[in-house]
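Visitor: My structure is below; once you've seen it, I'll send some questions.
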């Protein structure tokens with residue numbers, strides 16, 4: 001008589017519905033786009049601000065000064081500061097001085113009366129310009145003098161260099177690393193909050209609209225929960241991957257390959273931890289939704305979860321290094337704190353292992369516990385339930 | 001056949017359903033009647049497995065019912081439930097697929113039901129944008145979407161206008177001709193018109209159960225006598241009957257020894273008559289009697 005058999009992969013259908021409903025919402029699309037644009041824009045802006053190429057125009061008098069500016073332009077100081085020097089030729093020192101005064105040039109390099117050179121600035125001489133020109137002057141003149149005296153300059157200067165090395169080098173580009181770390185934390189917090197509330201709401205709405213009774217008669221309740229977790233995790237991970245890709249793409253476009261090499265692994269671990277942490281959190285949000293009788297109740301039933309999210313956040317931003325280390329290994333909080341540490345410091349492998357292992361175990365336990373509560377509370381449509389109350393409910 | 005066997009359900013100190021047993025037989029519409037709070041919805045939710053019984057069990061074709069079997073049932077809960085912000089066709093397809101239909105089968109089944117209700121042109125509307133009557137139609141369509149093996153419908157006709165009721169009855173007769181079908185209703189005239197079997201609950205207890213005809217037969221042999229103009233009060237003096245009511249030329253009597261033929265003969269001898277007819281006891285009266 002009946003041609004229907006219960007769907008074995010019902011959770012997949014539930015997940016599919018979660019996704020297809022959500023991606024059709026304008027607010028969702030706009031949210032994703034805004035986040036992507038913000039992150040990509042921030043990367044571009046940061047890159048522009050930190051390493052902006054600049055050009056200094058130097059007024060010169062005489063071919064020698066012109067050659068010195070050229071030397072400075074190719075020198076180490078100019079390269080490290082991403083500055084280039086361009087010589088503007090003038091006939092007399094007075095004309096060069098006038099050009100500085102009229103701000104036609106940034107500085108002037110003129111022969112000094114005592115045979116050396118004089119660097120002229122308006123109110124001051126930019127320190128990079130001063131260093132670069134001074135170095136170039138001494139290099140050029142030394143070479144010229146050495147040639148005149150028939151001395152091999154390289155022989156003369158052999159052994160005069162001193163190199164510096166540090167035992168515990170601070171990572172390069174500290175600011176950039178902290179920025180990446182902060183973005184990761186905020187991205188996790190925001191995504192979990194936004195998607196979490198969405199999960200809780202969709203569960204409560206199903207309760208409120210009573211469609212849950214039909215669903216429960218059609219598929220096992222755990223399939224509903226798994227479908228919700230799977231669908232929303234896919235969405236959230238998709239969004240975060242999109243954001244990371246946008247950020248990395250923007251960085252690549254700006255030529256920040258060195259920096260990406262530094263933080264790349266922390267981004268990968270971030271995605272791994274994000275996936276695990278999100279699954280665990282999604283379960284909690286779904287349970288919170290199942291405890292509420294109406295959408296208004298969600299605020300109070302999700303309060304403990306919000307605490308769970310913000311305690312490590314506050315601990316890290318207000319606490320000390322030890323606290324950060326501890327929170328980077330506590331399950332779920334590790335999702336947020338560990339990638340941050342990975343971006344800014346060298347983390348022992350065992351600590352990363354603890355963070356990932358702990359979060360896997362926590363996610364498994366929470367899903368199990370979540371199914372238990374969810375199955376008991378989902379069909380209680382009368383009024384709001386407490387966590388303890390839900391746990392003590394008999395299986396109906 | 002759904003076999004409800006000594007089902008009880010306790011909520012705290014309150015015994016909502018108390019040792020209720022009845023059967024829902026295939027091919028027969030079984031009406032489920034009772035005052036508010038009599039335990040109808042609780043019983044139906046236990047049949048559907050949405051609520052666990054405190055005692056007793058539900059059997060399906062002689063075997064204890066399993067969740068897998070229940071999923072082949074069609075269910076319309078008392079509190080209507082569908083996704084308000086989802087397109088109706090998509091919604092029906094979703095429910096069909098949850099029940100294991102392929103995408104194409106689900107789509108053609110959904111279209112078939114929408115067509116029956118004449119709302120194909122609203123297929124892409126959100127449920128919310130439909131009139132209450134149409135929403136109800138979608139609700140019943142959702143219960144029927146997976147070609148269920150049995151139907152449990154809680155108040156399927158409430159809130160429908162007479163035409164909508166007819167359309168739904170047509171659909172149920174077409175779709176559920178050979179299925180066990182249990183439906184609850186407050187509209188006793190409707191139950192009377194549709195049902196083959198009747199289950200009456202009162203205060204959580206089963207107070208009447210059986211084929212409607214039999215239940216009606218349980219009442220006395222009641223006849224209506226209408227005289228042509230003359231007063232019917234003379235019937236009070238006739239032996240072998242008990243007069244329930246006299247109103248001008250019309251009287252309602254219970255036979256108590258007299259046969260219908262003898263009653264008719266006595267009336268004809270008395271004067272011109274309009275009719276002597278069996279007064280079938282309306283369901284509402286049976287209902288009032290058994291729940292008293």
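Residue numbers (UniProt numbering), protein chains in the order written: chain S, 1 to 396; chain U, 1 to 292.
Where a beta carbon is used, it is the ideal one built from N, C-alpha and C, also for glycine.
On the three-pair Cβ rule with 8 Å, is the segment 326-337 of chain S touching the segment 180-198 of chain S?
Guide: yes
Visitor: Which of helix, strand or coil does DSSP assign to residue 257 of chain S?
Guide: In the first chain, counting from the first residue as 1, residue 257 of chain S sits at position 257. Collapsing the DSSP output to three states places residue 257 of chain S in a helix.
Visitor: If you draw a straight line from the alpha carbon of residue 384 of chain S to that of residue 204 of chain S, how long is it in whole angstroms?
Guide: In the first chain, the residue the question calls residue 384 of chain S occupies position 384. In the first chain, the residue the question calls residue 204 of chain S occupies position 204. Spanning the two alpha carbons is a distance of roughly 10 Å.
Visitor: Please confirm whether residue 361 of chain S and residue 277 of chain S have their CB atoms less than 8 Å apart.
Guide: On the first chain, residue 361 of chain S is found 361 positions in, with the first residue counted as 1. On the first chain, residue 277 of chain S is found 277 positions in, with the first residue counted as 1. It is not a contact, given that the beta carbons lie outside the stated cut-off.
Visitor: Looking at the C-beta of residue 77 of chain U, does it have a partner C-beta in chain S at a distance below 8 Å?
Guide: Translated into positions along the second chain, residue 77 of chain U becomes position 77. It does; some Cβ of chain S falls within 8 Å.
Visitor: Using only the alpha-carbon positions, how far apart do residue 13 of chain S and residue 89 of chain U sit?
Guide: Here residue 13 of chain S refers to the residue found at position 13 when the first chain is read from its first residue. Here residue 89 of chain U refers to the residue found at position 89 when the second chain is read from its first residue. Those two C-alpha atoms are separated by around 16 Å.
Visitor: Less than 6 Å between C-beta atoms, sequence neighbours within five positions excluded: which residues of the same chain meet that for residue 149 of chain U?
Guide: Along the second chain, one-based indexing puts residue 149 of chain U at 149. Once the five neighbours on either side are set aside, the close Cβ partners of residue 149 of chain U are 72.
Visitor: Going along the chain, which residues of the segment 8-32 of chain U sit with their C-beta nearer than 7 Å to a C-beta in chain S?
Guide: none
Visitor: Whole angstroms are fine: how far does the CA of residue 105 of chain U sit from the CA of residue 389 of chain S?
Guide: Sequence index remark: in the first chain, residue 389 of chain S carries index 389 (1-based). Sequence index remark: in the second chain, residue 105 of chain U carries index 105 (1-based). Straight-line Cα distance between these residues: approximately 43 Å.
Visitor: In chain U, which residues lie less than 8 Å from residue 10 of chain S when you measure between Cβ atoms?
Guide: As a first step, residue 10 of chain S is located in the first chain; it is residue number 10 there, counting from the start. Those are 98, listed as they occur along chain U.
Visitor: Can you find a C-beta in chain U that's less than 8 Å from the C-beta of residue 3 of chain S?
Guide: The residue given as residue 3 of chain S occupies position 3 in the first chain. Confidence at residue 3 of chain S is low in this model, with a pLDDT of 39, below 50, so the placement of that residue should be treated as unreliable; the coordinate-derived value is given next. It does: the Cβ of residue 3 of chain S has a partner Cβ on chain U nearer than 8 Å.
Visitor: Starting from residue 50 of chain U, find everything on chain S with Cβ-Cβ shorter than 7 Å and list it in chain order.
Guide: Position 50 of the second chain holds residue 50 of chain U. In chain order: 213, 216, 217 and 379.
Visitor: How about residue 271 of chain S and residue 241 of chain S: do their beta carbons lie closer than 8 Å?
Guide: Position 271 of the first chain, counted from the start, is the residue given in the question as residue 271 of chain S. Position 241 of the first chain, counted from the start, is the residue given in the question as residue 241 of chain S. Yes; because the gap between Cβ atoms is below 8 Å, this pair is in contact.
Visitor: List, from N- to C-terminal side, the beta strand (DSSP E) runs of 3 residues or more that fit wholly inside the segment 99-133 of chain S.
Guide: 107-111 and 117-120
Visitor: By the 10 Å Cβ neighbour count, where 16 or more other Cβ atoms means buried, how is residue 162 of chain U classified, buried or exposed?
Guide: Taking the first residue of the second chain as position 1, residue 162 of chain U is located at position 162. By the 10 Å Cβ count, residue 162 of chain U comes out exposed.
Visitor: Which ranges would you report for the beta strand (DSSP E) in the segment 123-174 of chain U if only whole runs of at least 3 residues count?
Guide: 150-154
Visitor: At a cut of 8 Å, does the segment 194-209 of chain U reach the segment 37-45 of chain U through at least three beta carbon pairs?
Guide: yes
Visitor: What's the call for residue 14 of chain U, buried or exposed, on a 16-neighbour Cβ count within 10 Å?
Guide: Numbered from 1 along the second chain, position 14 holds the residue referred to as residue 14 of chain U. Residue 14 of chain U comes out exposed.
Visitor: Buried or exposed: which applies to residue 228 of chain S, given that a residue is buried once 16 or more other Cβ atoms fall within 10 Å of its Cβ?
Guide: As a first step, residue 228 of chain S must be located in the first chain, where it is residue number 228. So residue 228 of chain S counts as buried.
Visitor: When you compare the CB positions of residue 111 of chain S and residue 36 of chain S, do they come within less than 8 Å of one another, or not?
Guide: On the first chain, position 111 is the one that residue 111 of chain S refers to. On the first chain, position 36 is the one that residue 36 of chain S refers to. Result no, Cβ atoms of residue 111 of chain S and residue 36 of chain S do not sit closer than 8 Å.
Visitor: Out of S/258, S/392, S/317 and S/298, state which residue places its alpha-carbon closest to the alpha-carbon of residue 198 of chain S.
Guide: Counted from its first residue, the first chain places residue 198 of chain S at position 198. With distances taken between Cα atoms, residue 198 of chain S lies closest to S/298.
Visitor: Determine the DSSP secondary structure at residue 374 of chain S, reduced to helix, strand or coil.
Guide: As a first step, residue 374 of chain S is located in the first chain; it is residue number 374 there, counting from the start. Residue 374 of chain S falls in the helix class under three-state DSSP.
Visitor: Return the bridge partner residues of residue 32 of chain U from the DSSP annotation.
Guide: In the second chain, the residue the question calls residue 32 of chain U occupies position 32. Residue 32 of chain U is bridged to U/184 and U/199.
Visitor: Strictly under 8 Å for the Cβ-Cβ distance: is residue 67 of chain U near chain S by that measure?
Guide: Locating residue 67 of chain U in the second chain gives position 67, where the first residue counts as 1. Chain S, which has a Cβ nearer than 8 Å to the Cβ of residue 67 of chain U, makes this yes.
Visitor: Anything in chain S within Cβ reach of residue 142 of chain U, meaning under 8 Å, just list it in chain order.
Guide: As a working mapping, residue 142 of chain U is identified with position 142 in the second chain. Within 8 Å Cβ-Cβ: 214.
Visitor: Please look up how many angstroms separate the CB atoms of residue 132 of chain U and residue 86 of chain U, rounded, as I've assumed it's under 8 Å.
Guide: Here residue 132 of chain U corresponds to residue number 132 of the second chain, with the count starting at 1. Here residue 86 of chain U corresponds to residue number 86 of the second chain, with the count starting at 1. Incorrect: roughly 17 Å between the Cβ atoms, too far for contact.
Visitor: Taking the C-alpha atoms as reference points, what is the distance between residue 15 of chain S and residue 214 of chain S?
Guide: Within the first chain, the letter at position 15 stands for residue 15 of chain S. Within the first chain, the letter at position 214 stands for residue 214 of chain S. One C-alpha to the other measures close to 17 Å.
Visitor: Taking the alpha carbon of residue 106 of chain S as the point to measure from, which residue in S/165, S/125, S/201 and S/208 has its own alpha carbon closest?
Guide: Taking the first residue of the first chain as 1, we reach residue 106 of chain S at position 106. Residue S/125 is the option with its Cα nearest to residue 106 of chain S.
Visitor: Work out the CA separation of residue 141 of chain S and residue 116 of chain S for me, nearest whole Å.
Guide: In the first chain, counting from the first residue as 1, residue 116 of chain S sits at position 116. In the first chain, counting from the first residue as 1, residue 141 of chain S sits at position 141. Rounded to the nearest angstrom, the two C-alpha atoms are 9 Å apart.
Visitor: Could one say the Cβ of residue 47 of chain S lies closer than 8 Å to chain U's Cβ atoms, at least one of them?
Guide: Locating residue 47 of chain S in the first chain gives position 47, counting from the first residue. No - not a single Cβ of chain U is within 8 Å of the one on residue 47 of chain S.
Visitor: Which whole runs of the alpha helix (DSSP H) in the segment 90-123 of chain U are 4 residues long or more, in chain order?
Guide: 103-116
Visitor: Can you list the residues of chain S that residue 258 of chain U reaches, using a CB-CB cut of under 9 Å?
Guide: Stepping through the second chain from its first residue, residue 258 of chain U is reached at position 258. Within 9 Å Cβ-Cβ: nothing; residue 258 of chain U doesn't reach chain S, min ~49 Å.
Visitor: Counting only Cβ pairs nearer than 9 Å, list the residues of chain S close to residue 82 of chain U.
Guide: Locating residue 82 of chain U in the second chain gives position 82, counting from the first residue. Those are 209, 210, 211 and 214, listed as they occur along chain S.
Visitor: In the DSSP output, what is residue 81 of chain S paired with across the bridge?
Guide: Indexing the first chain from 1 puts residue 81 of chain S at position 81. Answer is none; residue 81 of chain S lacks a bridge partner.
Visitor: Let's test the definition: count the other Cβ atoms within 10 Å of the Cβ of residue 391 of chain S and tell me whether it reaches 16, buried, or not, exposed.
Guide: Locating residue 391 of chain S in the first chain gives position 391, where the first residue counts as 1. With a threshold of 16 other beta carbon atoms within 10 Å, residue 391 of chain S falls short and is exposed.
Visitor: Work out the CA separation of residue 21 of chain U and residue 3 of chain U for me, nearest whole Å.
Guide: As a first step, residue 3 of chain U is located in the second chain; it is residue number 3 there, counting from the start. As a first step, residue 21 of chain U is located in the second chain; it is residue number 21 there, counting from the start. In a straight line, the C-alpha of residue 3 of chain U is about 8 Å away from that of residue 21 of chain U.
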